Amino acid sequence: MDFVLGIFGKDSTLTGRTYLWEQGWNAAMRSPILGVGYAAYWVQGFAEAERLWNEFYITTRTGFHFHNTYVEALVELGFTGAVLISLIMLRTLLGHI
Numbered sequence: 024m025d026f027v028l029g030i031f032g033k034d035s036t037l038t039g040r041t042y043l044w045e046q047g048w049n050a051a052m053r054s055p056i057l058g059v060g061y062a063a064y065w066v067q068g069f070a071e072a073e074r075l076w077n078e079f080y081i082t083t084r085t086g087f088h089f090h091n092t093y094v095e096a097l098v099e100l101g102f103t104g105a106v107l108i109s110l111i112m113l114r115t116l117l118g119h120i
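If you want this note's numbering, it's the position in the sequence shown, counting the first as 1, plus 23.
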């Protein structure tokens with residue numbers, strides 16, 4: 024599988040995304056109820072974000088995220104916010120069927 028994906032410049036980790044999602048899950052578990060705060064994770068000076076920027080060689084320190092809306096919501100808003108977002112999405116979907 025990795026050989027085939029390698030032909031296209033990809034790998035089975037979805038180009039490092041699975042590692043990033045794991046880091047997001049770990050961050051979410053440190054603040055599971057309310058999260059770290061809206062747009063409060065990927066800011067300069069926040070140690071966890073700085074560590075990931077260094078690991079991924081991101082020098083601009085901007086425009087980076089977990090590449091997963093649900094993981095991002097869990098980290099920033101905790102389970103409370105993630106459930107609310109999910110309910111809004113479900114209500115919107117069911118309202119248009």
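Cβ atoms here follow ideal geometry from the backbone N, Cα and C, with glycine treated the same way.
This structure is a prediction, so every number in the text was calculated from the model and none was measured.
- According to the DSSP assignment, Gln-67 belongs to no alpha helix (DSSP H), since it is labelled neither H nor E.
- With respect to the 8 Å criterion, Phe-89 and Trp-76 are not classified as neighbours on the basis of their beta carbons.
- Under the three-pair Cβ rule at 8 Å, the stretch 36 to 45 does not count as touching the stretch 54 to 72.
- Per the coordinates, the alpha-carbon of Leu-107 lies some 22 Å from the alpha-carbon of Trp-65.
- Rounded to whole angstroms, the gap between the alpha carbons of Thr-103 and Thr-92 is 15 Å.
- A Cβ-Cβ contact shorter than 8 Å links Ala-50 with Glu-71.
- The continuous alpha helix (DSSP H) containing Ile-108 extends over residues 92 to 118.
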